[in-house]
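Chemist:
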Amino acid sequence: MRVALAQTDPLLGDVAGNLAHAEEQIRQAHSQGADLVVFPELSLHGYHLGALGRRDDLESLDMRDPRLLALSTHGPDVLPGFHELTSVRAYNTSAYYARGELVHAHRKLYLPTYLAWEERKHVSPGQALRAYDLPHPAGGRGATLVCNDAWQPVLPWIAVQDGAEIIFIPTNSAASLDPEAMDTTLYWDTLLAYTAKMLQAWVVFVNRVGNEHGATFWGGSRVVDPRGNVIAQAPRWEPALLTVDVDVHEARRARRAVPLVAEARLSLIDREVRRLIEEGGDT
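By our numbering, the letter at position 191 of the sequence shown is numbered 208, and the numbering carries on one by one without gaps.
Following this line, the structure appears as structure tokens:
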């Protein structure tokens, strides 16, 4: 499976312009033989939605918007990120499309609302995590975790227990204002390698670049194999389109050789989580 990582610099609020640029990236990836093009988190809207002012100024998308479906009619499957608005609430969504159809939509589960981040002011958290069958002749299963979702150790583990062999992580990660206190790039380096190696899964991390509302996004998109090796990495600070061949079933071979994720003991996990909830834990 040939995967293209579209490390883009979206313009805040310019949905039409970002869609047009996404189509250009998809066509270019198609010329390179890509089967799938993965975009960063909120690639069609930009990150700082609160800076747009009134909600009327924000053009949201339904996950079955014809413009989204059309992105996957140029050859490769696509996984873009966008601001989704339903009849009740809004979400930070990344969705997988193939041949003009919606395959799977993931609504971001963990919304940072601290320091400079204010996501929960503008969107609601998703309520489900599912792996899904990849619509590719080689088969396999994938899962999507949006940015901060991947920082919650239990979520990649659940995705793998649901059969995921490749984890897509669309991201909007900005450079730290105080790298000595917390260098986000180093955190991601450690997290991505650990997730791939310990869960024996491919990890496709796609971060954006550019400056937006005081934040500088650093890029560094990459593919990590099921043994924790970085197979390919895009440059930092600049747009790029990185194409990588991924043998999805390498995850199965790694798990057969050393079965790190075979013994899930889901009943044990269920009992202990229920106990914590009954004792007053977060629901």
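Glycine included, each C-beta is placed from N, C-alpha and C at the ideal position.
Computed from a prediction, not measured in an experiment: that's the story for all the values here.
For Q42, which residues from the same chain have a beta carbon less than 8 angstroms from its beta carbon, with the 5 sequence-adjacent residues on both sides left out?
Modeler: Along the sequence shown, one-based indexing puts residue 42 at 25. Excluding positions up to five away in sequence, the list reads A21, A23, T25, V54, F56 and L258.
Chemist: Out of P173, S193 and A155, which one is the CA nearest neighbour of V163?
Modeler: Position 146 of the sequence shown, counted from the first residue, corresponds to residue 163. The option with the nearest alpha carbon to V163 is P173.
Chemist: Scan the region 176-242 and note each continuous alpha helix (DSSP H) run of 4 residues or more that stays entirely inside, going in chain order.
Modeler: Whole alpha helix (DSSP H) segments, 4+ residues: 201-216.
Chemist: If we count Cβ pairs, one from each stretch, closer than 8 angstroms, do we get three or more for the region 179-194 versus the region 153-168?
Modeler: The region 179-194 is in contact with the region 153-168.
Chemist: Ignore the nearest five residues each way along the sequence and tell me which others in R137's own chain have a CB closer than 6 angstroms to its CB.
Modeler: Against the sequence shown, residue 137 aligns to sequence position 120. Result list for R137: L128 and T130, in chain order.
Chemist: Please go through the same chain and pick out, in chain order, the residues whose beta-carbon is closer than 7 angstroms to the beta-carbon of V263, but skip the five residues on each side of it.
Modeler: Taking the sequence shown and counting its residues from 1, the one referred to as residue 263 is at position 246. Taken in chain order, the residues that qualify are M18, V20, I183, W219 and V240.
Chemist: Quick one: what's got a C-beta closer than 6 angstroms to E58's C-beta in the same chain, skipping five residues either side?
Modeler: On the sequence shown, residue 58 is found 41 positions in, with the first residue counted as 1. Closer than 6 angstroms at the Cβ level, and outside the excluded window around E58, lie G98, V163, C164, P187, T188 and N189.
Chemist: Under a Cβ-count criterion, where at least 16 other Cβ atoms within 10 Å of its own Cβ denotes burial, should L88 be classed as buried or exposed?
Modeler: Numbered from its first residue, the sequence shown carries residue 88 at position 71. Classification for L88: buried.
Chemist: Give the secondary structure of V171 by DSSP, where H, G and I count as helix, E and B as strand, and everything else as coil.
Modeler: Residue numbering aside, residue 171 sits at position 154 when the sequence shown is read from its first letter. V171: helix per DSSP, three-state reduction.
Chemist: Give me the residue from A232, N228 and R225 with the minimum Cα distance to S193.
Modeler: Walking along the sequence shown from the start, residue 193 turns up at place 176. The shortest Cα separation from S193 among A232, N228 and R225 belongs to A232.
Chemist: Give the list of continuous alpha helix (DSSP H) stretches no shorter than 4 residues that lie fully inside the region 114-154.
Modeler: Runs found: none.
Chemist: Identify every run of the beta strand (DSSP E) within the region 33-75, keeping only runs that are complete inside it and at least 3 residues long; order them along the chain.
Modeler: You should have 53-55.
Chemist: Taking 9 angstroms as the threshold (C-beta atoms), are A271 and V261 in contact?
Modeler: Walking along the sequence shown from the start, residue 261 turns up at place 244. Walking along the sequence shown from the start, residue 271 turns up at place 254. No, they are not a contact pair.
Chemist: Identify every residue that forms a DSSP beta bridge with A160.
Modeler: Along the sequence shown, read from residue 1 onward, the residue named residue 160 stands at position 143. BP columns for A160 point to I184.
Chemist: Does the beta-carbon distance from Y114 to V140 come in below 9 angstroms?
Modeler: Here the question's residue 114 lines up with position 97 in the sequence shown. Here the question's residue 140 lines up with position 123 in the sequence shown. Against a cut-off of 9 angstroms, the Cβ pair of V140 and Y114 comes out as no contact.
Chemist: Are the CB atoms of L277 and M215 nearer to each other than 9 angstroms?
Modeler: Within the sequence shown, the letter at position 260 stands for residue 277. Within the sequence shown, the letter at position 198 stands for residue 215. Yes, the Cβ-Cβ distance between L277 and M215 is below 9 angstroms.
Chemist: Does the beta-carbon distance from N228 to S238 come in below 9 angstroms?
Modeler: For this step, residue 228 is matched to residue 211 along the sequence shown. For this step, residue 238 is matched to residue 221 along the sequence shown. Contact flag unset, no.
Chemist: Classify E267 as helix, strand or coil using the three-state DSSP reduction.
Modeler: Here residue 267 is taken as the residue at index 250 of the sequence shown, counted from 1. Residue state, collapsed to three classes: helix.
Chemist: Considering Cα atoms alone, identify which of R158, W134, P93 and T90 is closest to R269.
Modeler: The count along the sequence shown starts at 1 and reaches residue 269 at position 252. Checking every option, the nearest Cα to that of R269 belongs to R158.
Chemist: Taking all protein chains shown into account, decide if E295 is buried (16 or more other Cβ within 10 angstroms of its Cβ) or exposed.
Modeler: By 1-based counting over the sequence shown, the position of residue 295 is 278. Burial call: exposed.
Chemist: In angstroms, rounded to a whole number, what distance separates the CA positions of R124 and V275?
Modeler: As a position in the sequence shown, residue 124 is number 107, starting the count at 1. As a position in the sequence shown, residue 275 is number 258, starting the count at 1. The straight-line gap from Cα to Cα measures roughly 32 angstroms.
Chemist: Short of 7 angstroms in beta carbon distance, which residues of its chain neighbour Q45, apart from the five on each side in sequence? Order them along the chain.
Modeler: By 1-based counting over the sequence shown, the position of residue 45 is 28. Once the five neighbours on either side are set aside, the close Cβ partners of Q45 are L258.
Chemist: In this structure, does DSSP put D82 in helix, strand or coil?
Modeler: For the purposes of this step, residue 82 is identified with residue 65 of the sequence shown, where counting begins at 1. If DSSP states are grouped into helix, strand and coil, D82 belongs with coil.
Chemist: Does the Cβ-Cβ distance between R244 and V226 come in under 9 angstroms?
Modeler: Taking the sequence shown and counting its residues from 1, the one referred to as residue 244 is at position 227. Taking the sequence shown and counting its residues from 1, the one referred to as residue 226 is at position 209. No, the pair does not count as a contact, with Cβ atoms beyond the cut-off.
Chemist: In whole angstroms, what is the alpha-carbon distance linking E255 and L209?
Modeler: Position 238 of the sequence shown holds residue 255. Position 192 of the sequence shown holds residue 209. Going by the C-alpha atoms only, they are around 21 angstroms apart.
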